[in-house]
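Sequence order for the protein chains is A and B. Numbered by this note's numbering, the letters in the first sequence go through residues 1 to 113 in order. Numbered by this note's numbering, the letters in the second sequence go through residues 114 to 225 in order. For reference, the structure is listed below as structure tokens.
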Amino acid sequence: GAGVSQTPSNKVTEKGKYVELRCDPISGHTALYWYRQSLGQGPEFLIYFQGTGAADDSGLPNDRFFAVRPEGSVSTLKIQRTERGDSAVYLCASSLDRNEKLFFGSGTQLSVL
Amino acid sequence: GEDVEQSLFLSVREGDSSVINCTYTDSSSTYLYWYKQEPGAGLQLLTYIFSNMDMKQDQRLTVLLNKKDKHLSLRIADTQTGDSAIYFCAETIYNQGGKLIFGQGTELSVKP
Chain A
1 GAGVSQTPSN
11 KVTEKGKYVE
21 LRCDPISGHT
31 ALYWYRQSLG
41 QGPEFLIYFQ
51 GTGAADDSGL
61 PNDRFFAVRP
71 EGSVSTLKIQ
81 RTERGDSAVY
91 LCASSLDRNE
101 KLFFGSGTQL
111 SVL
Chain B
114 GEDVEQSLFL
124 SVREGDSSVI
134 NCTYTDSSST
144 YLYWYKQEPG
154 AGLQLLTYIF
164 SNMDMKQDQR
174 LTVLLNKKDK
184 HLSLRIADTQ
194 TGDSAIYFCA
204 ETIYNQGGKL
214 IFGQGTELSV
224 KP
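What follows is the structure, encoded as structure tokens:
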């Protein structure tokens, strides 16, 4: 595709529920990143994949958050037992390789009621 | 540690130049970026500069980098109302796989 695609664009859920957010990177990009942006803040790093493996997951806030990229392309960010504080825009980005320019998707706005 | 700081707001008149400033702390930064975010939209890469450069110009945009002071600026010439947005400065560290550290963003308001 032409750019990084994220689905859904909006997700409303109830406290305690499980959610999955999907990211389709630019074709051929080996590196994929997840960020979280709270209202009025800059994006904060969550996790980075190089190929299929999570090369750096130091930004995941706790063990309720998990991400996979089984075939080195599409990635899914999974959040268990959602809390109201998880409400934010979740951004995905991809780059041709590590240390190359990042291109961002439009994000998924997650609202936990 | 890594930290990127920006002023929160800037207001200019249409046609004037805008200068958005950013300071960073990590001297091992490789690339420094400017992203633009319009309401409800994702991050648009505007321009970037490699850490061994002092200046980069791209049409109306000029990026200046002072490595000694760890200061980065973005100058927008002939600012238009369509330039109103939030601008984020970000740095990437070579040995951290291209992970970006963002500032909190500067909201640019352009008045006609």
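Cβ coordinates follow ideal geometry from the N, Cα and C atoms, glycine included.
When the distance is taken between beta carbons, is residue j closer than 8 Å to residue i?
| i | j | result |
| --- | --- | --- |
| A/Ala88 | A/Arg36 | yes |
| B/Val117 | B/Glu204 | yes |
| A/Lys101 | B/Tyr161 | yes |
| A/Gln6 | A/Arg22 | yes |
| B/Ser131 | B/Leu121 | no |
| B/Lys180 | B/Ser164 | yes |
In the DSSP assignment, find the unbroken beta strand (DSSP E) run with residue i in it and report its ends.
| i | result |
| --- | --- |
| B/Asp139 | Taken as a continuous stretch (DSSP letters only), B/Asp139 belongs to no beta strand (DSSP E), as it is neither H nor E. |
| B/Glu204 | 198–206 |
| A/Glu100 | Segment: none, A/Glu100 is in no beta strand (DSSP E) and carries neither H nor E. |
| A/Asn10 | 10–13 |
| B/Asn179 | 174–179 |
| B/Glu220 | 219–224 |
Out of curiosity, what's the CA-to-CA distance linking residue i and residue j?
| i | j | result |
| --- | --- | --- |
| B/Ile133 | A/Ala31 | 29 Å |
| B/Leu213 | A/Gly3 | 19 Å |
| A/Arg81 | A/Phe66 | 12 Å |
| B/Phe215 | B/Cys135 | 10 Å |
| A/Ala105 | A/Glu71 | With the sequence shown as reference, residue 105 of chain A is identified as Gly, and Ala is not the correct amino acid for it. Their Cα atoms are separated by approximately 19 Å. |
| B/Trp147 | B/Ser197 | 14 Å |
| A/Asp57 | B/Thr194 | 39 Å |
| B/Tyr200 | A/Ser27 | 27 Å |
Considering Cα atoms alone, identify which of the options is closest to residue i.
| i | options | result |
| --- | --- | --- |
| A/Thr13 | A/Phe66, A/Ser5, A/Gly85, A/Cys23 | A/Gly85 |
| A/Tyr18 | A/Arg64, A/Pro70, A/Leu102 | A/Arg64 |
| A/Asp97 | A/Thr76, A/Lys78, A/His29 | A/His29 |
| B/Glu127 | B/Gly155, B/Cys202, B/Thr192 | B/Thr192 |
| B/Pro225 | B/Val125, B/Ser120, B/Gln119 | B/Val125 |
| A/Glu83 | A/Ser95, A/Gly16, A/Asn10 | A/Gly16 |
Compute every distance between the C-beta of residue i and the non-hydrogen atoms of the ligand GTP, then say whether any falls below 7 Å.
| i | result |
| --- | --- |
| A/Pro8 | Because no ligand of any kind appears in the structure shown, any question about the ligand GTP cannot be addressed here. |
Chain-ordered residues of the segment 80–101 of chain A with a beta carbon less than 7 Å from chain B: Leu91, Ser95, Arg98, Asn99, Glu100, Lys101
Chain A contacts made by the segment 148–171 of chain B, where a contact means CB separation under 9 Å: Tyr148, Gln150, Gly153, Ala154, Gly155, Leu156, Gln157, Leu158, Tyr161
Under 7 Å (Cβ pairs) to chain B, residues found in the segment 47–66 of chain A: Tyr48, Gln50, Ala55, Asp56
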